[in-house]
Structures are given as structure tokens and as C-alpha cells.
Amino acid sequence: MVDATLLVGQIFNGFSVASLFVLAALGLALSFGLMRVINMAHGEMLMLGGYLAYLTYLVVPGPLAILVAIPVAFLGAALLGGVMELTVVRKLSARPLDTLLATWGVSLILQQAARSIFGPIGVGVTAPDWLNTGFMLGGVYFPSTRLFILGVAVLVLLALGLLIARTRLGLLVRAVNQDRMMAAASGINVRRVDLAVFCLGTGIAGLAGVVLSLLGPVTPSVGQSYIVPAFLVVVMGGLGSMVGTTIAAIILGLVSAISQIFLDVSMSQVLMLLAVIIFLQFRPQGVVATRSRALED
């Protein structure tokens, strides 16, 4: 019989893991949903965000350094994403396989660059004192760091939802996603929209690297630990669906956390993969089916 306190604690951990999955997967969902591009260097955007958080701590010491690091990492990763889109992705956008291979090459280059600059061991980001606390409720301890990560994920989802639903950029993104050729014929600069969405996706990944740095050291390969779960979340959620990505992240986060009551970490990851495979057997379109003329073509 599973102890109720342990189960509640693991459910909370599942939601905190889901928040990391959401932040890691949103950029992939945006870029693939609009551009049909698989960015194999997406994990390195998380890595870049973690290293930018470390550098920010060196320049801005104090309890508010983490709040400064978030916009710095977002802008830094978005800038690098823009360079990637202009120099690699745009030139190969008509050839998805070449894009996948090229971004994988960029991934290897970024990992080696981080290893040369910061070393292979990794660097640590110390959470401020106001995040080193927590509270007990019903015998379950809720650490402030995990609550902070949950809060960041919720705020990012709300901001992204408002951006897509209420702004001119969101209107253009929806138009291009529904019918790229008709949007271009209507005078919309689809290349500029692609660039904006790709920068936004990599920026969110950089932000995810900041909150990830609160949980462990930042290493050149830290992004690889989350890129596979991020791909699973995107596939299960329905390619390009923000709502589906969020629901899939919660499901897989809970599966991962609760299964660790009975299994080790490696087996819980295997179980998570099996859960995705079984789910797709019954609903191959994902949690939320994304319909667009681009997909139907």
C-alpha cells in the first residue's frame, strides 16, 4: 500500500517536472507547428540559458539575480535562434531532412564551444535565500524552488496565450499556420513571421535553462537530458498545439514522478516512452488534433 503522503509529494513533483517539460517543449511545438522544422539544437538553447544565468550571477550578485537572469537568457537564446534561422534553417526550410542534420551539427558545435569556454565539469547557480525555503502542508514539504518553477511555467503559458490570441503577431502566426500560401498572397511576410516564432521558441528554451539551473549544475550536455522528453511531449500533444503540449507535459510529468515510487529513474523513463507509444496507438493525432490546410496538403 502506497503511503498517502508519499503519493501527494510525488504528484507535486510530477507537476514540477511537467512545468520543465512544458518550458522545454513549447519552442519545439511553435517552430514545428508553423515551419515544420525539427530543431535538433533546441536542447542547447536550454544549455545557453543556464550558462547565461551563471554569467548573470557573476555580474549581478544578490537575491534578485535570478529575476535579472530570466530576461537575459530569453534575449540571448532568442538572438542565437535568430542567427540560426537566418543562416541555417531558412536556407534549408524546403528540405526537412537537411534541416534536421544541419541543426544537429549546430548542436554539436554549441556543446563543444561550451566545453571549451566553461569546461566539461559544469558550473553551479546558487538559488537565492528566498528560494531556499518551503512549507509543510499535511505532512508534505513544498520547496519554494519547485513552486517558483511552476509559477514561471504558468506565467509563460499565459503570456504566450495572450500573445497568440490578442496581438497582431499572434494574428499573423495564426494566418500563416492555417494557410501559408494564402497568407503570403495576402501580403503577409511569412519569412518575418517564421523568424519571430523561431526566436520566440528558442527564447523560451533559454528561459527554461535558467529555472533548470536552480535544480542542478549546468553542463555542456544538460540540454540533452530534456530534449527527448520535450520531443515526446510535442508528439503526444499534437504537433503545433500549445494546449495539447501542456496537457501532454502534465500527463508525462505525472507518469514519470509516480512511477518512481516503484521504479528507478531509468525504468520510469522507459515507462514514459511506452505511455506515449500506447497513447498514440489509440489517438495518433495526439491530445489535440491540429487542423490546417498546410497539414491537409
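Residue numbers (the numbering used here): -14 to 282. Cβ coordinates follow ideal geometry from the N, Cα and C atoms, glycine included.
Buried or exposed: which applies to residue i, given that a residue is buried once 16 or more other Cβ atoms fall within 10 Å of its Cβ?
i	result
G355	In the structure displayed, the chain extends from -14 to 282; residue 355 sits before or after that span and is not available.
L135	buried
R268	exposed
T187	buried
L13	buried
Q96	buried
Y36	buried
P48	exposed
I246	exposed
P202	exposed
S101	exposed
Y126	exposed
D(-12)	exposed
T41	buried
N174	exposed
P46	exposed
M69	buried
R165	buried
Nearest to residue i by CA position, among the options, is which residue?
i	options	result
A181	L19, M32 and F6	L19
A5	I232, M252, L259 and V273	Residue identity check: residue 5 is Leu in the sequence provided, not Ala. Comparing Cα-Cα distances from L5 to each of I232, M252, L259 and V273, the minimum goes to I232.
V22	D83, G107 and A50	D83
F283	S78, T130, N24 and A87	The question about residue 283 has no answer here: the residues shown for the chain are numbered -14 through 282.
F264	V220, M252, I246 and G238	V220
L259	R177, L145 and L237	L237
A79	V158, R176, L95 and P46	R176
A190	T(-10), N24 and D(-12)	N24
P113	M167, F120 and A50	A50
G90	V73, G104 and S101	V73
V139	L60, A193, S198 and M252	A193
L200	Q163, G229 and V110	V110
L65	S92, V45 and L43	S92
S198	L156, L116 and D179	L116
G223	T204, F17, L256 and L248	F17
S251	S210, V44, V178 and D164	S210
L142	T(-10), D(-12) and A3	A3
P105	G225, I235, T204 and D(-12)	T204
Provide the residue span of the alpha helix (DSSP H) that contains residue i, from first to last.
i	result
L95	P81 to F103
L19	A(-11) to M20
F216	Q209 to G222
I263	V250 to F267
E29	H27 to V44
Q163	R153 to Q163
S287	Nothing can be reported for residue 287: it is not among the residues displayed for the chain, which extend from -14 to 282.
T72	Per DSSP, T72 belongs to no alpha helix (DSSP H) and is neither H nor E.
S171	Counting along the chain, S171 falls outside any alpha helix (DSSP H), and DSSP gives it neither H nor E.
G238	M227 to S244
Bridge partners for residue i per DSSP, in chain order?
i	result
Y126	M121
V108	V203
If I measure Cβ to Cβ from residue i and keep anything under 6 Å in the same chain, skipping five residues before and after, which residues do I get?
i	result
L280	Reliability fails at L280, whose pLDDT of 38 lies under 50, so the model's placement of it is uncertain and no value is given.
G208	G28, E29, L31 and M32
V195	G34, A38, A54, I55 and A58
V261	L217 and M221
G229	G222, G223, G271, V272 and V273
P128	G119
Going along the chain, which residues of its own chain have a beta-carbon closer than 8 Å to the beta-carbon of residue i, five neighbours each way excluded?
i	result
I243	L(-8), Q(-5), I(-4) and G(-1)
G146	M227
L248	L256
A63	C184, L185, T187, G188 and G191
Within the same chain, show all residues whose beta-carbon is closer than 7 Å to that of residue i, passing over the 5 residues directly before and after it, in chain order.
i	result
I212	H27 and G28
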